[in-house]
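Numbering (my numbering), first residue to last: 273 to 1090.
All C-beta atoms, glycine included, are put in the ideal place defined by N, C-alpha and C.
If you want it as structure tokens, here you go:
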């Protein structure tokens, strides 16, 4: 199933699946094989349970990491998506688009700085796809999306249930809506994608839009045993257009890739029932069409589709009814459609298009946008901002002509169910000065605001309300000096020019921020960051009271919020190291920079040497970045390091000590060339060494060092078991890897005996590896006897034992590796 189909379902276009795809055999544990079958059949929720079980048993299983991330993404769990995509990126098994998905998940869980970094990274990787650039820019201008938040009132409507209720449409006497509530005439099984009920159409009626009292399911002529979805009703033509899986006249139509796509059908109310639905002429088994939106006369219809030739996942199209024939769909083009997914269109007065998109950037998830179809100068849609949009999915906005109210759908926190329908009202208010915390992007109440015309002595004052605003009427095209004083913030004074003309409800945003201390704890002798240092902050301006505590992170960093103009003392402590402290003063005005403090501590080392190690690929000579290097000292203490992009790391070794150095990396094999013993001689100051790692690749051969057998026996000795345990570790780290383990003898003894003995040894080694949890179809053991000698010491040739030893060996042949 492609990514477009995934987006189609998650965003409530009803993803239309037949779930009959075959699953090829997988060389995994029974639980993983079962999870993979569920995953490939789009049954993501049950697959997650099994994958979570498997990953607890084998935390390094790369294919399970990948599928867990994808399953959580497709079931719209941004926190878990971010967790597992971070792991996939860490071990290097991510696709380019996963960088985008990771950034989007981070944005939805509020980690905007980190999200910005990954949006920028995606832009660097995929420059032609502008989503990375757009999303990064929208986060930079995040505050802009809160400009009109105080002029909207948003409320959850009474008709919502604990189930998903979404995508309202106006209908005589009330609203039509889509819901997974359970009062269906069919005994519908749950949809395996997310273990929730299939979707039906309902109608809510009442005295008016604000007083809906009764919700009933539409009859079976419209609702089927599959998904029904977003609708549009045209009163002029007395016609309803609705979305359904390709199920018509009791038959399911599937695409060539076995997917039950979406179609649009038309029906009309007749007496107490409905006419037989008729398919939209441009529905197809090979692609989806859905989310109809009629124009004023019912002869123009906007809709969404993933038909070939589009710009992204799903695009918005328009078709016109001419002589009772719907014209060829026209794509609205790049002013509306992006590389992402545009959906849930609604058109007001045949001119103002409202739609949802995850391709233009915003507050997270799906955001609602508007675009004037009659404005030739408009080049991109406008995000309508908070509070209609949120960090969740917001979509399906509708409103009546001339009204300042309407409805939309959201899965934001605080709702009754999965998706809820919300009513909004818009009330423009006089101009205001809006004070916002720049870091937390929230309004600041009880701030003292004063303003005056430049060159004028008359000062006007106000106090911000709970929305961070104070009402004011400013003259157009004038320069004002505005001052903001808020508790905990430095005073901010800025000049501002008003618009020409000033529009009703226009706001002037003033961004303020609390002063901060950014600190770093480091070992001043080894020039390394110190993690886990206990940090205390004392406010000397209030008698030395402790006002904050923290722990330095892996890079030695910590941060505190400060009170303007106060004097502080910061203290860092780490067991075994001297205490270190600094005294400083917080900024008094917004013109001053935040405080940065570096706290250096440590114990002067004994005389020693700088160890500089370069790790390269044994075959290509290329540097190996991200290799983990372990340095074991004589006390048994181990320090781990990671190589940089040049395959380099550096540390200090003490004079007169002996160390064991070992290197490893996922995707590589560690050999005797990957490790070394070092003794630091007296007076030695610099040691430069090279280590080699052998890159794993299909068709490659690896000689296993240290596997020995007792004479004429094939039992696995403890020394050989240690080598085979490392093979098990490598195979767990690389779950696609399949190997042949071959045993070879020298030419001493009979050919037949050597062949039999080597085969027993190879199979014993393979059985040992299988006993450690590696699937049997990932490894074979085969004995070659003396058929593949590495030198000329064959039958009858006298050779020293050293040359015979070259032929007595165990090798790995890599049969499959992705």
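Please return the same chain residues whose Cβ sits closer than 6 angstroms to the Cβ of residue 296, not counting the five positions on each side in sequence.
Any answer about residue 296 is weak, because its pLDDT of 34 lies below 50 and its placement is not dependable; what the coordinates show is given next. Excluding residues within five positions, none has a Cβ falling inside 6 angstroms.
Using a 10 Å radius around the Cβ and a threshold of 16 neighbouring Cβ atoms, would you call residue 554 buried or exposed?
buried
Could you name the residues of the same chain whose beta carbon sits closer than 7 angstroms to that of residue 1057, not counting the 5 residues immediately before and after it, in chain order?
1017, 1023, 1026, 1027, 1030
Host beta strand (DSSP E) of residue 391 (start-end)
No beta strand (DSSP E) contains residue 391, which is instead part of the alpha helix (DSSP H) from 384 to 397.
Could you check whether the segment 935 to 955 touches the segment 857 to 866, counting it as contact only if at least three pairs of C-beta atoms, one from each stretch, sit closer than 8 angstroms?
no
Where residue 661 and residue 572 are concerned, what is the direct C-alpha to C-alpha distance, given to the nearest angstrom?
28 angstroms
Is it right to say residue 896 is buried, meaning 16 or more other beta carbons lie within 10 angstroms of its own, or is it exposed?
buried
Exposed or buried, what is residue 884 when buried is set at 16 or more other beta-carbons lying within 10 Å of its beta-carbon?
exposed
Between residue 787 and residue 634, what straight-line distance do the alpha-carbon atoms span, to the nearest angstrom?
27 angstroms
Residue 1003 beta carbon less than 8 angstroms from that of residue 1089
no
If contact is defined by three or more beta carbon pairs under 8 angstroms, each pair taking one atom from either stretch, is the segment 608 to 617 in contact with the segment 553 to 568?
yes
Segments of 3+ residues assigned as beta strand (DSSP E) that fall wholly inside the segment 909 to 978
910 to 914, 920 to 926, 930 to 936, 940 to 942, 947 to 951, 958 to 967, 973 to 976
Could you name the residues of the same chain whose beta carbon sits closer than 8 angstroms to that of residue 624, not counting the 5 residues immediately before and after it, in chain order?
642, 643, 644, 645
Rounded separation between residue 627 and residue 842 - CA only:
51 angstroms
Where do the N-terminal and C-terminal ends of the alpha helix (DSSP H) with residue 1076 fall, by residue?
1073 to 1079
Between the alpha carbons of residue 1047 and residue 969, how many angstroms are there, rounded?
20 angstroms
Per DSSP, the bridge partner or partners of residue 562
576
Measure the C-alpha to C-alpha separation of residue 408 and residue 389 and round it to an integer number of angstroms.
8 angstroms
Which whole-angstrom value describes the C-beta separation of residue 516 and residue 486, a residue pair presumed to lie in contact below a C-beta threshold of 8 angstroms?
Not quite, the Cβ-Cβ distance comes to about 24 angstroms (not below 8 angstroms), so this is no contact.
Proximity of residue 494 and residue 514 at Cβ, strictly below 8 angstroms:
yes
Alpha-carbon to alpha-carbon, residue 838 and residue 827:
27 angstroms
Under 8 angstroms between the Cβ atoms of residue 991 and residue 978?
yes
Quick one: complete alpha helix (DSSP H) runs, 4+ long, within the segment 990 to 1021?
990 to 1005
Identify the continuous alpha helix (DSSP H) that holds residue 318 and give its terminal residues.
316 to 329
Sequence-distant residues of the same chain with beta carbon closer than 6 angstroms to residue 392, five excluded per side
408
Taking contact to mean at least 3 C-beta pairs separated by less than 8 angstroms, is the segment 430 to 448 in contact with the segment 679 to 693?
yes
Would you mind reading off the limits of the beta strand (DSSP E) that contains residue 404?
It is not in any beta strand (DSSP E) - residue 404 instead sits in the alpha helix (DSSP H) that spans 403 to 412.
What is the rounded straight-line gap between the Cα of residue 987 and the Cα of residue 338?
38 angstroms
Supposed contact pair residue 667 and residue 638 - C-beta distance, whole angstroms, cut 8 angstroms
5 angstroms
Near residue 821, which residues of its chain fall below 6 angstroms by C-beta distance, leaving aside the five closest residues on each side in sequence?
808
Which residue spans inside the segment 1021 to 1086 form an unbroken alpha helix (DSSP H) run of at least 4?
1023 to 1043, 1073 to 1079
What do you reckon, are the CB atoms on residue 1021 and residue 1083 nearer than 8 angstroms?
no
Which of the three DSSP states, helix, strand or coil, is assigned to residue 308?
helix
Are the CB atoms of residue 940 and residue 914 within a distance shorter than 8 angstroms?
no
Does residue 602 come out as helix, strand or coil in the three-state DSSP assignment?
strand
Span separating the alpha-carbon of residue 405 from that of residue 395:
6 angstroms
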